[in-house]
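Comments concern the structure below.
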Amino acid sequence: GVDCGGDSRMCCRQEFFVDFKEIGWEDWIIQPEGYHMNYCAGLCPLHMAGAPGLAASFHTAVLNRIKAASAAAAVDSCCVPTQRRPLSLLYYDRDSNIVKTDIPDMIVDACGCT
Amino acid sequence: AAKGGGCPACGVASLAPGAQRDALLALAKQSILAKLRLPARPSAPRPPARGALLTALRRMRAQRSDAAASPGMMLRDGTGLQEYEILSFAEAGSSTPHSVRLHFRFSQEVAGSTEILQATLYLFWAAPSPGAQPVTVRLLQPDPEGPNMTVASEIRLEVQRSGWTTLDIGAAVRSLFGQDIPRFTVELEVPEDWGSPLPSERSDSHWPFVVAQARARTPHRVHRR
Numbered sequence: 130g131v132d133c134g135g136d137s138r139m140c141c142r143q144e145f146f147v148d149f150k151e152i153g154w155e156d157w158i159i160q161p162e163g164y165h166m167n168y169c170a171g172l173c174p175l176h177m178a179g180a181p182g183l184a185a186s187f188h189t190a191v192l193n194r195i196k197a198a199s200a201a202a203a204v205d206s207c208c209v210p211t212q213r214r215p216l217s218l219l220y221y222d223r224d225s226n227i228v229k230t231d232i233p234d235m236i237v238d239a240c241g242c243t
Numbered sequence: 139a140a141k142g143g144g145c146p147a148c149g150v151a152s153l154a155p156g157a158q159r160d161a162l163l164a165l166a167k168q169s170i171l172a173k174l175r176l177p178a179r180p181s182a183p184r185p186p187a188r189g190a191l192l193t194a195l196r197r198m199r200a201q202r203s204d205a206a207a208s209p210g211m212m213l214r215d216g217t218g219l220q221e222y223e224i225l226s227f228a229e230a231g232s233s234t235p236h237s238v239r240l241h242f243r244f245s246q247e248v249a250g251s252t253e254i255l256q257a258t259l260y261l262f263w264a265a266p267s268p269g270a271q272p273v274t275v276r277l278l279q280p281d282p283e284g285p286n287m288t289v290a291s292e293i294r295l296e297v298q299r300s301g302w303t304t305l306d307i308g309a310a311v312r313s314l315f316g317q318d319i320p321r322f323t324v325e326l327e328v329p330e331d332w333g334s335p336l337p338s339e340r341s342d343s344h345w346p347f348v349v350a351q352a353r354a355r356t357p358h359r360v361h362r363r
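Right, here's the structure in full:
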């Protein structure tokens, strides 16, 4: 995947860190100190649709070839997460119990065109 | 805000940088609370005493390494479902010279959306006199029909000396998680000459606690033919 930087307009991963102290949540979230709420942004022109190695199942790849072949059906593909990981949280619940949980697919590690 | 229910972050790119940051922070809060099934952030918590917390974490680690060593260790099948580990410290309830009640409470959000895999009660005995002493541990649950409590289970122990005891209370907590108010009470009854079975202060590092492992319930899959 590509990280956004400078004036890149193509599909890339935009880093965005949420500091729990900045939003006043550091009293009930024990660990970690923040959340990498990265997201995908940028253009996915036709020629990038389904390029090998991106998020494409066989079905998507065939569909993209058909799109690329028939300009009339030319539609952009989307810039989506291609790799994600869980967010591990240790926090106090409403009864001050200590709860540890891993929320799946909360952190985007890479983006790509469908 | 995204028009027509599009992806939540779609409309953010067109905002001014300051507003964009605020929108993303709001989105992060909303996303975390939604995944924790919390309607809002919990109010200011009452953290446990440091000594009690450190002791509990040490006991949990010891228990986990014992479990890892035992051949019959329950291997968690990789279901990919979200799992929770909950550490709940007792709240002291009513007491008499030789019995005491301890209250444990679980949050609605976790109890309502998970199934209990395992639950262990940790009790510390400061046995004053040598020799085996009979102790009764009762698990009481609120009676759905009225203000009383029903005995969910009763265990008799022979306490030989001071130290920690662990009791598997998985079945009782499992039945409890299906109820509206996920809380239960532990009643400890000790011989007359023992005095209170509890440490004097909640800040004492021998305060009773429960450790529960839970897993998100599998979403009901409707099979259409």
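Those sequence lines, one after another, are chains L and F. Basically this note's numbering = 1-based index in the first sequence + 129. Basically this note's numbering = 1-based index in the second sequence + 138. Positions of the beta carbon are idealized from the N, C-alpha and C atoms, including for glycine. Keep in mind that this is a model prediction, so the values were computed, not measured.
* Should aspartate 231 of chain L and glutamate 221 of chain F be called a contact, given that it needs their Cβ atoms to be closer than 8 Å? -> Cβ distance < 8 Å, so aspartate 231 of chain L and glutamate 221 of chain F count as in contact.
* Asked: First and last residue of the beta strand (DSSP E) that includes alanine 350 of chain F?
  -> Judged by DSSP secondary structure, alanine 350 of chain F falls within the beta strand (DSSP E) whose first and last residues are 347 to 354.
* Environment of valine 289 of chain F [buried if 16+ CB atoms lie within 10 Å] -> Answer is exposed; the Cβ neighbour count stays below 16.
* Asked: Listed in chain order, which residues of the segment 218 to 231 of chain L have Cβ atoms closer than 8 Å to some Cβ of chain F?
  -> With the criterion set as a beta carbon lying under 8 Å from some beta carbon of chain F, the members of the segment 218 to 231 of chain L are Leu218, Tyr220, Tyr221, Asp222, Arg223, Asp224, Ser225, Asn226, Ile227, Val228, Lys229, Thr230, Asp231, in sequence order.
* Along the alpha helix (DSSP H) that carries isoleucine 170 of chain F, what are the first and last residues, could you check? => Isoleucine 170 of chain F -> alpha helix (DSSP H) spans 155 to 173.
* Which residue's Cα is closest to the Cα of threonine 243 of chain L: L:Cys207, L:Glu151, L:Lys229, L:Arg213? -> Ranked by Cα distance from threonine 243 of chain L, the options L:Cys207, L:Glu151, L:Lys229, L:Arg213 are led by L:Cys207.
* Asked: To which residues does DSSP link lysine 150 of chain L through a beta bridge?
  -> Answer by DSSP bridge pairing: none, since lysine 150 of chain L is not bridged.
* Since alanine 166 of chain F meets chain L, which of its residues come closer than 7 Å, beta carbon to beta carbon? -> In chain order: Val147, Tyr164, Met166.
* Exposed or buried, phenylalanine 146 of chain L, counting other C-beta atoms within 10 Å across all chains shown (16 or more means buried)? -> Label assigned to phenylalanine 146 of chain L: exposed.
* Since proline 233 of chain L meets chain F, which of its residues come closer than 9 Å, beta carbon to beta carbon? -> The contacting residues are Lys173, Gly218, Leu219, Gln220.
* Expressed to the nearest angstrom, what Euclidean distance is found between the alpha-carbon atoms of glutamine 317 of chain F and valine 297 of chain F? -> Those two C-alpha atoms are separated by around 33 Å.
* Are glutamate 327 of chain F and valine 273 of chain F close, meaning C-beta to C-beta below 8 Å? -> In contact: glutamate 327 of chain F and valine 273 of chain F (Cβ atoms closer than 8 Å).
* **Minimum Cβ-Cβ distance from isoleucine 126 of chain L to chain F less than 8 Å** => Past the edges of chain L, shown from 130 to 243, lies residue 126 of chain L, and the structure says nothing about it.
* Leaving aside the five residues before and after glutamate 292 of chain F along the sequence, list all residues of the same chain whose C-beta is less than 8 Å from its C-beta, in chain order. => Cβ neighbours of glutamate 292 of chain F beyond the five flanking positions: Thr274, Val275, Arg276, Leu277.
* glutamate 223 of chain F - containing beta strand (DSSP E), residue span -> Under the DSSP assignment, glutamate 223 of chain F falls in the beta strand (DSSP E) whose first and last residues are 221 to 227.
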